[in-house]
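Participant:
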Amino acid sequence: MLLKKFRKPATVLLLGALTVVVVWATSAALAERGGRRPGPPGRGQKPEIEDTQRLNVYADNWFSLYINGQLVAVDSIRFMPHNVISVDVFPKYPMTIAVIAKDNADAKTAMEYNNTQIGDGGFILKMGDGTVTGKHWKALSVFHGPIDRDTKNPRVIHREIPENWMAVDFDDSDWQAAKEFDEKTVRPMRPFYQYDFEGAKFIWADDLELDNTVLFRVKIDSPPDGSTPKKFPLLETP
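If you use full-length UniProt numbering, the sequence shown closes out at 238, no skipped numbers anywhere.
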């Protein structure tokens, strides 16, 4: 009877001590990891949020952006007010960036604000790895007008957008070099100044006012800032 009387309290006391030990060990382990819980199996082989790069994009007025053929970012406002899209991306090199940028222009007249004036475009991008827009990008205008700036009898040129123009293996050798424009000419709105675009240039096709829809492409072989990209075996294609 005496054995039965003390067996249960002894067991409870043992569990209580064990609980204290487990909690202490877990706290110590978390402290060693900077307060983070252990990751799933394969940790170190999968990218963390720290392995991404911040991408800032400003377009007058709208854009859609692809990286290595995959849609990554779309301007959420079409077409006003002007805004900056800032997203985290996980680049894989060599990296092909492809963009379609549009000014706010009527498809028939190429004019804006109820056909009262000719508009102007502009596109700029900066990524945390040092990737920036500039004249080393390729450009193709697919919507131009009004021809000769004739606003009384506006005429336009529409060029068919090439199939798979955003694909990695697309041949853009016959595209022109993008043309750079200074900040004073583009006149970006207030949101532009709230983000980091240092080192990047505004680009477009030949004419900032008459080229209304422009495709851009660039290939980045390695991080421009000289950093070494991490390798993640679990993401590698067999």
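By construction, the Cβ of each residue, glycine as well, lies at the ideal position given by its N, Cα and C atoms.
From the DSSP output, read off the bridge partner residues of residue 102.
Facilitator: 62, 213
Participant: Going by DSSP in three states, residue 155 sits in which element: helix, strand or coil?
Facilitator: coil
Participant: Mind checking which residues open and close the alpha helix (DSSP H) that includes residue 179?
Facilitator: Taken as a continuous stretch (DSSP letters only), residue 179 belongs to no alpha helix (DSSP H), being part of the beta strand (DSSP E) at 179-181.
Participant: Span of the beta strand (DSSP E) holding residue 227?
Facilitator: Run containing residue 227: none; DSSP gives neither H nor E here.
Participant: Residue 234 by DSSP, collapsed to three states: which one?
Facilitator: helix
Participant: Output yes or no for whether 8 Å exceeds the beta carbon distance between residue 119 and residue 112.
Facilitator: yes
Participant: Report the option in 156, 137, 194, 142 whose CA atom is closest to the CA atom of residue 173.
Facilitator: 137
Participant: Taking DSSP as the reference, what is the three-state secondary structure of residue 74?
Facilitator: strand
Participant: Going by the DSSP bridge assignment, what does residue 203 pair with across the sheet?
Facilitator: 123, 180
Participant: Is DSSP giving residue 185 helix, strand or coil here?
Facilitator: helix
Participant: Here's a check: name, in chain order, each residue in its chain whose Cβ is nearer than 6 Å to the Cβ of residue 60, leaving out the five neighbours to either side.
Facilitator: Annotation for residue 60: 121, 122 place their beta carbon closer than 6 Å to its own, counting only its chain and skipping 5 residues before and after.
Participant: Return the chain-ordered list of same chain residues with a C-beta closer than 7 Å to the C-beta of residue 225, the five sequence neighbours on each side being excluded.
Facilitator: 129, 130
Participant: According to DSSP, simplified to helix, strand and coil, what is residue 50?
Facilitator: helix
Participant: Given this structure, state the Cα-to-Cα distance separating residue 107 from residue 211, to the nearest angstrom.
Facilitator: 12 Å
Participant: Per DSSP, what kind of secondary structure is residue 194 in: helix, strand or coil?
Facilitator: helix
Participant: Would you kindly report the start and end of the unbroken beta strand (DSSP E) that includes residue 147?
Facilitator: From DSSP, residue 147 is part of no beta strand (DSSP E); its letter is neither H nor E.
Participant: Could you give the residue range of the beta strand (DSSP E) that holds residue 86?
Facilitator: 84-89
Participant: Nearest-angstrom Cα distance between residue 92 and residue 114?
Facilitator: 43 Å
Participant: Express the C-alpha separation of residue 145 and residue 189 in angstroms, rounding to a whole number.
Facilitator: 24 Å
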